[in-house]
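Numbering (the working numbering), first residue to last: 11 to 327.
Okay, structure first, notes after.
Next up, the structure:
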């Protein structure tokens with residue numbers, strides 16, 4: 011698509027085809043000043059809760075995403091799914107293509123699914139994925155970001171979503187591994203999948219609850235709930251949706267949501283600087299009045315990065 015970017019009103023009134031075209035333009039024109047201004051203009055207009063769904067491959071994230079989509083649509087919500095897949099070493103494209111795994115109704119214009127490659131990030135979020143989240147959260151009522159990896163992906167997710175849901179499979183030994191890795195410090199909600207496995211699922215939930223008792227929350231004394239869910243039977247899905255909603259209410263009531271997003275903006279800015287210029291770029295940012303860059307990045311991360319990149323490029327000749 012050419013010309014100026016559509017207005018936020020047009021995007022919210024438009025359908026999936028318009029969203030898809032704008033997302034493609036964000037990828038192909040990522041370095042443009044106009045793209046930076048557009049993203050900053052809508053970065054403060056988020057209306058969706060952004061839910062990050064993560065866990066080991068095979069834990070049932072796609073089936074759970076299907077169930078969450080159905081639950082959200084029953085509430086009349088417009089839902090977007092951003093599936094972050096591993097990258098092809100040949101083309102750089104998404105290998106798994108979540109659109110083929112999700113069983114959504116293609117005629118439902120209120121459900122939008124996009125697969126996106128992690129590119130050079132180890133199971134994490136590329137700059138294009140961050141831009142997509144900014145767009146989708148301004149247009150939709152609920153955004154689900156599903157990652158394929160474990161470890162790096164949670165750290166990246168925490169810097170891009172409002173609520174992190176960690177999925178754990180019964181009988182896999184995941185809970186013990188997570189205790190050792192310290193991953194239990196990251197989720198806001200834990201979902202033990204395949205609850206229809208009975209005793210194994212209850213044991214996994216007990217193990218996870220014990221592991222969580224050894225960690226502390228940085229989100230205003232939020233107690234991380236453990237939900238047992240089955241995508242096959244529907245058991246626990248409504249409870250999971252309720253707990254995710256309660257977490258958003260908690261962030262709003264504690265005045266944490268806006269400050270969390272401002273911190274995320276600064277993190278995006280610094281990650282873009284690091285990706286483009288490495289540690290030397292971060293050292294330049296510090297030497298060139300770090301406070302100024304960070305304060306601006308909290309409100310306009312994309313334009314701040316564009317201007318810093320122009321400044322560094324000029325000084326490099």
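Beta carbons: idealized from backbone N, C-alpha and C, even for Gly.
DSSP state of residue i mapped onto helix, strand, coil
i           : result
residue 156 : strand
residue 237 : strand
residue 8   : Summary: the structure shown does not reach residue 8, with the chain confined to residues 11 through 327, and so no result is reported for it.
residue 62  : strand
residue 126 : strand
residue 265 : coil
residue 224 : coil
residue 95  : strand
residue 56  : coil
Residue i - containing beta strand (DSSP E), residue span
i           : result
residue 177 : 173-178
Cα-Cα separation, residue i to residue j
i           : j           : result
residue 261 : residue 59  : 11 Å
residue 212 : residue 201 : 12 Å
residue 312 : residue 118 : 32 Å
residue 141 : residue 265 : 24 Å
residue 23  : residue 124 : 19 Å
residue 69  : residue 21  : 34 Å
residue 46  : residue 259 : 30 Å
residue 310 : residue 19  : 20 Å
residue 40  : residue 242 : 40 Å
residue 94  : residue 37  : 14 Å
residue 329 : residue 17  : Because residue 329 is not part of the residues shown, which for the chain are 11 to 327, the question remains open.
residue 63  : residue 135 : 13 Å
residue 10  : residue 14  : No information on residue 10 is available, as it lies outside the stretch 11 to 327 that the chain covers here.
Whole-Å CB distance - residue i paired with residue j, under 8 Å assumed
i           : j           : result
residue 90  : residue 122 : 4 Å
residue 169 : residue 274 : 5 Å
residue 65  : residue 237 : That pair is no contact at about 13 Å.
First through last residue of the alpha helix (DSSP H) which encompasses residue i
i           : result
residue 43  : 43-53
residue 84  : 71-84
residue 143 : 137-149
residue 326 : 311-326
residue 33  : 26-38
residue 23  : 18-23
Own chain, CB closer than 6 Å to residue i, minus 5 neighbours either side, in chain order
i           : result
residue 399 : In the structure displayed, the chain extends from 11 to 327; residue 399 sits before or after that span and is not available.
residue 232 : 260
residue 251 : 81
Cβ neighbours of residue i in the same chain (closer than 7 Å, five flanking residues each side left out)
i           : result
residue 282 : 137, 315
residue 204 : 70, 179, 180, 211, 240
Cβ-based neighbour list, residue i, same chain, cut-off 8 Å, excluding 5 preceding and 5 following
i          : result
residue 54 : 309
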